[in-house]
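>
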């Protein structure tokens with residue numbers, strides 16, 4: 001990683017963390033309707049991948065999508081307004097937390113349907129391939145989604161069509177309240193890649209550099225016309241499945257429970273000379289300010305016009 | 001407040017109308033419902049009534065002038081009312097179609113007047129339509145108070161309770177109203193305009209009958225001596241038995257007709273909406289004169305009745321009809337009709353079919369004639385004249401004659417009537 | 001029967017527990033119906049299990065403790081797989097309750113229902129039965145947005161071989177759930193998530209409510225309102241409002257969406273001549289339009305006005321609170337369409 005990239009990653013990780021902590025507080029105050037699934041704890045995955053993408057690359061996300069959106073460059077003010085159901089939200093307040101999207105940024109949407117992204121990402125990669133673009137599509141999904149039929153269909157299809165797509169599994173140990181070790185017959189998600197004749201790697205998802213390196217390799221393969229890659233990132237979510245989850249299924253022995261990818265990167269970056277203490281402090285302060293500004297913006301934004309209920313149905 | 005009178009649309013195809021006559025002059029008072037002028041279209045002539053009481057303020061066209069449908073013809077309002085403005089609006093309206101439509105659609109009074117134009121679609125709920133049919137109400141005369149001006153059950157009930165014009169129209173409408181009313185080439189809405197409801201209904205039925213059938217009447221006189229003897233002998237027996245039955249010639253002719261009809265089902269039929277139905281059963285319509293019109297009460301299943309029962313029922317239905325007690329059921333469903341002008345001294349006439357029936361039998365008054373008997377002696381006999389109108393679309397002359405032959409057989413051999 | 005007030009949720013939980021006690025072939029299968037599978041600290045000292053979720057809404061809380069993980073089965077998030085398994089098990093001796101967490105996920109679970117469970121008996125010449133209860137959740141109002149708030153019971157209802165019940169209150173929820181489990185057919189039991197907290201009298205005893213029979217919850221003579229699930233409350237409130245104007249409204253709680261009770265609805269319309277159907281589904285090809293079509297056909301001559309349907313608009317469910325509230329049929333919307341029907345009866349203006 002280059003210094004510039006590290007600083008960007010550290011900024012985005014902090015923005016995600018502060019954003020999610022703010023949403024956690026705001027939800028607790030009853031200001032956010034519906035279900036909210038927080039990304040905190042998994043920041044290394046989104047930022048490690050996205051550091052290598054630009055706006056022309058596509059991603060598909062999950063119900064736990066705030067981190068992907070921030071890392072992909074979505075407007076944070078617009079995200080916060082969207083999550084509060086306000087007019088100035090990215091989706092005009094019509095989508096909410098589970099459907100945050102910005103197609104211009106290559107963000108094809110958070111997704112309320114577990115396993116809904118496999119086919120979509122393959123399709124985006126098909127566009128890239130057919131239109132001769134030098135880009136990739138990345139499908140983020142959880143360990144829970146790896147047991148949906150669409151996982152298998154999507155990977156197989158991408159492989160036989162040799163599509164420039166990267167399947168990034170965020171294995172945070174639980175599909176809702178069910179441990180991965182119970183729900184999966186295979187010990188890892190990565191090992192299933194061999195069934196679809198593509199590389200499958202398992203990396204430390206709390207180490208942004210590991211995620212970065214694996215992604216870089218997968219992008220090279222994809223752009224070289226060598227087809228898809230499956231990357232499993234071993235990680236952990238700090239909050240529950242959704243806000244309000246008692247998290248009775250968590251144990252002290254859970255892998256990664258005591259780790260924090262932001263703390264780890266800060267130490268490593270300072271040690272390796274990628275980032276100074278001052279730079280880190282400044283980034284943290286700026287990220288906090290960004291989120292504070294987003295909250296103020298979102299709170300000031302009006303509710304959507306009632307007439308917008310009927311718009312955007314057809315092109 | 002001024003009201004504009006617009007050129008009404010008389011029938012679906014009318015696009016313009018001609019002023020035939022003005023009944024009022026400018027400055028003259030008119031009352032609501034009073035004819036202001038007469039207009040005509042290609043086919044029809046109609047008086048246009050004042051929608052409100054007031055003064056005729058503006059005449060917008062002279063006699064023989066043509067105006068498009070919806071164009072303003074006249075303005076009625078208060079004395080010294082806003083003549084100028086309204087007149088201006090009205091005169092604009094006649095210039096051309098587009099402007100006329102604009103002028104008619106824009107001001108509210110014009111629209112109100114327009115709703116009174118005949119031939120406009122009547123909105124009515126299925127339930128209300130069914131009830132109106134059952135009670136023989138003329139829905140054109142009922143105000144709809146439901147959504148979109150729809151006539152609802154509530155409106156029908158009110159009309160029935162109030163016994164309003166709609167109800168009056170009703171009793172008469174049935175006069176010759178067949179159970180099935182087919183689509184007429186004549187525009188029903190415009191017929192009988194200016195008449196009272198009873199006459200209007202009669203007018204409609206007669207016009208409809210003449211408009212959609214090919215009517216032909218044939219005549220035949222039949223020796224009625226045997227029938228008269230038979231009537232007298234039966235009367236005596238009825239009197240002896242102290243039965244409350246009046247055996248009129250109409251009853252005997254009715255019985256003869258029923259028997260003849262059973263042999264000639266072509267004449268006992270309905271032709272409606274392109275469908276011909278010949279009936280086994282005979283439901284006999286008995287045309288009955290009222291003070292101000294006529295109705296046709298029906299003796300149901302006349303073919304199953306003996307002469308005595310037939311006599312009773314003919315009397316019953318006629319009395320009910322005259323007293324205005326006939327229900328809708330009693331006034332519909334006939335398969336053949338008999339009309340008797342014998343009491344009026346009429347010999348022959350040309351009855352009009354009670355559509356969708358294909359035959360109607362007219363009975364005239366007895367005629368005295370000199371005839372030779374078997375021994376060659378001159379003798380005075382009584383003959384009864386029949387006038388049979390039939391629908392030549394369905395029945396040919398030979399068939400009609402055959403029917404009269406069979407009828408004659410029963411009249412001349414009356415004991416067959418009791419077999 | 002003993003009377004006590006419990007919530008809609010509790011009524012359903014109790015029904016499932018009673019059915020499982022009564023019949024040991026009844027199992028519950030779905031994602032996180034217990035939760036926390038193979039988490040050591042959720043195994044109690046006596047060897048029984050605690051649950052982490054008991055269903056995402058907590059409706060099956062406690063069932064794994066009583067019946068064990070052999071009968072309360074957590075699955076991977078793999079709806080096609082476990083719904084197929086539920087149909088297969090139902091065809092071969094078990095009487096499963098299979099949970100589809102949100103009816104919106106039907107895309108992943110549809111084939112086992114549409115092409116397998118609903119058709120096996122027919123295709124096999126009557127030689128199979130599928131005593132399967134599909135528990136699922138519908139309805140807007142919770143801010144759950146486009147993919148977690150839809151009302152899709154009408155979709156299931158259009159499949160031959162599938163029965164669909166939609167309870168409107170705690171009493172019905174228990175009785176219909178027990179009837180659904182007892183039924184030898186594939187029954188979709190669709191719960192409106194906004195009703196979970198509703199309280200009502202529910203007997204402790206086991207009882208069933210006949211599937212296929214609607215419930216006339218209020219008698220009236222001027223206007224029939226047929227409502228489904230949560231919309232029954234809207235119908236009741238509309239009736240109260242119109243009563244002030246001396247308009248007498250008959251409210252029918254449809255209870256069963258498929259096959260819906262034609263006799264009760266037709267008889268009511270024949271009496272009142274006016275019909276409004278309230279259905280939170282999107283407005284086309286739904287239960288309301290089906291009812292309107294059948295009534296227009298079979299009671300045409302009794303209709304004293306157009307049949308009105310009050311449904312959600314033809315849009316996805318919006319997220320923003322104000323848009324979502326505008327999306328859901330409410331009393332105001334029903335009164336607005338009622339006005340056209342009853343304008344000829346009104347003594348006073350309708351309060352819209």
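Residue numbers (our numbering), protein chains in the order written: chain L, 1 to 315; chain F, 1 to 419; chain A, 1 to 352.
Cβ coordinates follow ideal geometry from the N, Cα and C atoms, glycine included.
No experiment lies behind these values; they were computed from the predicted model shown.
Could you say which of L:299, L:113 and L:305 lies nearest to residue 78 (chain L) if we only look at CA atoms?
What you label residue 78 (chain L) is simply residue 78 of the first chain in a count that begins at 1. Selected option, being the one with the closest Cα: L:299.
> On a Cα-Cα basis, can you pick out the residue from L:244, L:72 and L:63 that is closest to residue 83 (chain L)?
As a working mapping, residue 83 (chain L) is identified with position 83 in the first chain. The candidate whose alpha carbon is nearest that of residue 83 (chain L) is L:63.
> For a contact defined as C-beta to C-beta under 9 Å, what are the partners of residue 135 (chain F) on chain A?
Residue numbering aside, residue 135 (chain F) sits at position 135 when the second chain is read from its first letter. Here the premise fails: no neighbours, minimum Cβ distance about 14 Å.
> Should the segment 82-94 of chain A be called in touch with the segment 13-21 of chain A, which here means at least 3 C-beta pairs below 8 Å?
Judged by Cβ distances under 8 Å, the segment 82-94 of chain A makes no contact with the segment 13-21 of chain A, as fewer than three pairs qualify.
> Of the residues that make up the segment 118-149 of chain L, which ones have a beta carbon closer than 7 Å to any beta carbon in chain A?
So the close ones are 144, 145, 147, 148 and 149.
> Please go through the same chain and pick out, in chain order, the residues whose beta-carbon is closer than 6 Å to the beta-carbon of residue 166 (chain A), but skip the five residues on each side of it.
On the third chain, position 166 is the one that residue 166 (chain A) refers to. These residues qualify, in order along the chain: 153, 190, 228, 229 and 257.
> Between the Cα of residue 208 (chain L) and the Cα atoms of L:20, L:43, L:31 and L:33, which residue gives the shortest distance?
Residue 208 (chain L) sits at position 208 when you count from the first residue of the first chain. Cα-wise, what sits closest to residue 208 (chain L) is L:43.
> Using a beta-carbon distance cut-off of less than 9 Å, what residues from the segment 330-348 of chain A approach chain F?
If the cut-off is 9 Å between Cβ atoms, the segment 330-348 of chain A has 339, 340, 341, 342, 343, 344 and 345 near chain F.
> To the nearest angstrom, how far is the alpha carbon of residue 360 (chain F) from that of residue 410 (chain F)?
To locate residue 360 (chain F), count along the second chain from 1; it is residue 360. To locate residue 410 (chain F), count along the second chain from 1; it is residue 410. Spanning the two alpha carbons is a distance of roughly 18 Å.
> Quick check on residue 150 (chain F): buried or exposed, where buried means 16 or more other Cβ atoms within 10 Å of its Cβ?
Position 150 of the second chain, counted from the start, is the residue given in the question as residue 150 (chain F). Buried, by the Cβ-count rule.
> Give me the chain F residues within the contact set of residue 303 (chain A), using Cβ-Cβ distance strictly less than 8 Å, ordered along the chain.
As a working mapping, residue 303 (chain A) is identified with position 303 in the third chain. 125, 126 and 127, listed in chain order.
> Can you check which of these residues, L:225, L:32, L:59 and L:234, is closest to residue 321 (chain A) by C-alpha distance?
Taking the first residue of the third chain as position 1, residue 321 (chain A) is located at position 321. When each option's Cα is compared against that of residue 321 (chain A), the closest is L:32.
> Within the same chain, show all residues whose beta-carbon is closer than 7 Å to that of residue 464 (chain F), passing over the 5 residues directly before and after it, in chain order.
Beyond the ends of chain F as shown, which are 1 and 419, falls residue 464 (chain F); an answer cannot be given.
> How far does the beta strand (DSSP E) with residue 272 (chain F) in it extend, from its first residue to its last?
On the second chain, residue 272 (chain F) is found 272 positions in, with the first residue counted as 1. Element bounds for residue 272 (chain F): 269-272.
> Would you call residue 283 (chain L) buried or exposed, if buried means 16 or more other Cβ atoms sit within 10 Å of its Cβ?
Here residue 283 (chain L) refers to the residue found at position 283 of the first chain. Looking at its Cβ environment, which holds 16 or more other Cβ atoms inside 10 Å, residue 283 (chain L) is buried.
> Look at the Cβ atom of residue 91 (chain L), then the Cβ atom of residue 114 (chain L), and state whether they are nearer than 9 Å.
As a working mapping, residue 91 (chain L) is identified with position 91 in the first chain. As a working mapping, residue 114 (chain L) is identified with position 114 in the first chain. Against a cut-off of 9 Å, the Cβ pair of residue 114 (chain L) and residue 91 (chain L) comes out as no contact.
> Compile a chain-ordered list of the residues in the segment 25-40 of chain L whose CB is closer than 9 Å to at least one CB of chain A.
Residues passing the 9 Å Cβ filter: 32, 33, 34 and 35.
> In terms of DSSP beta bridges, what is residue 49 (chain A) paired with?
Numbered from 1 along the third chain, position 49 holds the residue referred to as residue 49 (chain A). Its beta-bridge partners are A:43.
> Please tell me whether residue 279 (chain A) has its Cβ less than 9 Å away from any Cβ of chain L.
The count along the third chain starts at 1 and reaches residue 279 (chain A) at position 279. Output row for residue 279 (chain A): interface = no.
> Residue 273 (chain A) touches chain F at which residues, Cβ-Cβ below 7 Å?
Within the third chain, residue 273 (chain A) is the residue found at index 273, counting from 1. Going along chain F in sequence order, the residues near residue 273 (chain A) (Cβ under 7 Å) are 127 and 153.
> Short check: CB of residue 220 (chain L) to CB of residue 45 (chain L), under 9 Å?
Counting from one through the first chain, the residue named residue 220 (chain L) turns up at place 220. Counting from one through the first chain, the residue named residue 45 (chain L) turns up at place 45. No.
> Curious, which full-length beta strand (DSSP E) runs of at least 3 residues does the segment 332-411 of chain F contain?
Correct list: 336-340, 359-363, 367-372 and 378-391.
> Tell me which residues of the segment 33-54 of chain F have at least one Cβ-Cβ distance to chain A shorter than 9 Å, keeping chain order.
Hits within the stretch: zero.
> Let me know the secondary structure DSSP gives residue 2 (chain F) once reduced to three states.
Here residue 2 (chain F) corresponds to residue number 2 of the second chain, with the count starting at 1. Note: residue 2 (chain F) maps to coil in three-state DSSP.
> Report yes if the CB atom of residue 342 (chain A) is closer than 9 Å to the CB atom of residue 255 (chain A), and no otherwise.
Stepping through the third chain from its first residue, residue 342 (chain A) is reached at position 342. Stepping through the third chain from its first residue, residue 255 (chain A) is reached at position 255. Result no, Cβ atoms of residue 342 (chain A) and residue 255 (chain A) do not sit closer than 9 Å.
> So with Cβ pairs under 9 Å, would you call residue 45 (chain A) a contact of chain L?
Indexing the third chain from 1 puts residue 45 (chain A) at position 45. So, not an interface residue.
> My output table needs one value for residue 134 (chain L): the three-state DSSP class, helix, strand or coil.
In the first chain, the residue the question calls residue 134 (chain L) occupies position 134. Looking at residue 134 (chain L) - three-state DSSP - the assignment turns out to be coil, as it is neither helix nor strand.
> Which residues in chain A have a C-beta closer than 7 Å to the C-beta of residue 217 (chain L)? List them in chain order.
Position 217 of the first chain, counted from the start, is the residue given in the question as residue 217 (chain L). Chain A residues near residue 217 (chain L): none, gap ~29 Å exceeds 7 Å.
> Any beta-carbon of chain F closer than 9 Å to the one on residue 300 (chain A)?
Taking the third chain and counting its residues from 1, one reaches residue 300 (chain A) at position 300. With 9 Å as the cut-off, residue 300 (chain A) counts as an interface residue toward chain F.
> For a test of the three-state rule: what should DSSP assign to residue 45 (chain L), helix, strand or coil?
To locate residue 45 (chain L), count along the first chain from 1; it is residue 45. The answer is helix: DSSP assigns residue 45 (chain L) an H, G or I state.
> Nearest by alpha-carbon distance to residue 386 (chain F): which of F:207, F:38, F:155 and F:253 is it?
For this step, residue 386 (chain F) is matched to residue 386 along the second chain. Looking at the Cα atoms, F:253 is the closest of the given residues.
> Does residue 147 (chain A) get closer than 9 Å to chain L when you measure Cβ to Cβ?
The residue you call residue 147 (chain A) lines up with position 147 of the third chain. Closer than 9 Å to some Cβ of chain L, the Cβ of residue 147 (chain A) qualifies, so yes.
> Three-state secondary structure (DSSP) at residue 40 (chain F)?
Residue mapping note: residue 40 (chain F) aligns to position 40 of the second chain, counting from 1. The answer is strand: DSSP assigns residue 40 (chain F) an E or B state.
> Could you tell me the distance, in whole angstroms, from the CA atom of residue 45 (chain A) to the CA atom of residue 70 (chain A)?
As a first step, residue 45 (chain A) is located in the third chain; it is residue number 45 there, counting from the start. As a first step, residue 70 (chain A) is located in the third chain; it is residue number 70 there, counting from the start. Roughly 18 Å separates the two Cα atoms.
> Going by DSSP in three states, residue 227 (chain A) sits in which element: helix, strand or coil?
Here the question's residue 227 (chain A) lines up with position 227 in the third chain. Looking at residue 227 (chain A) - three-state DSSP - the assignment turns out to be strand.
> Could you give the distance in angstroms between the alpha-carbon of residue 366 (chain F) and the alpha-carbon of residue 382 (chain F)?
Within the second chain, residue 366 (chain F) is the residue found at index 366, counting from 1. Within the second chain, residue 382 (chain F) is the residue found at index 382, counting from 1. Approximately 6 Å, taken between the alpha carbons.
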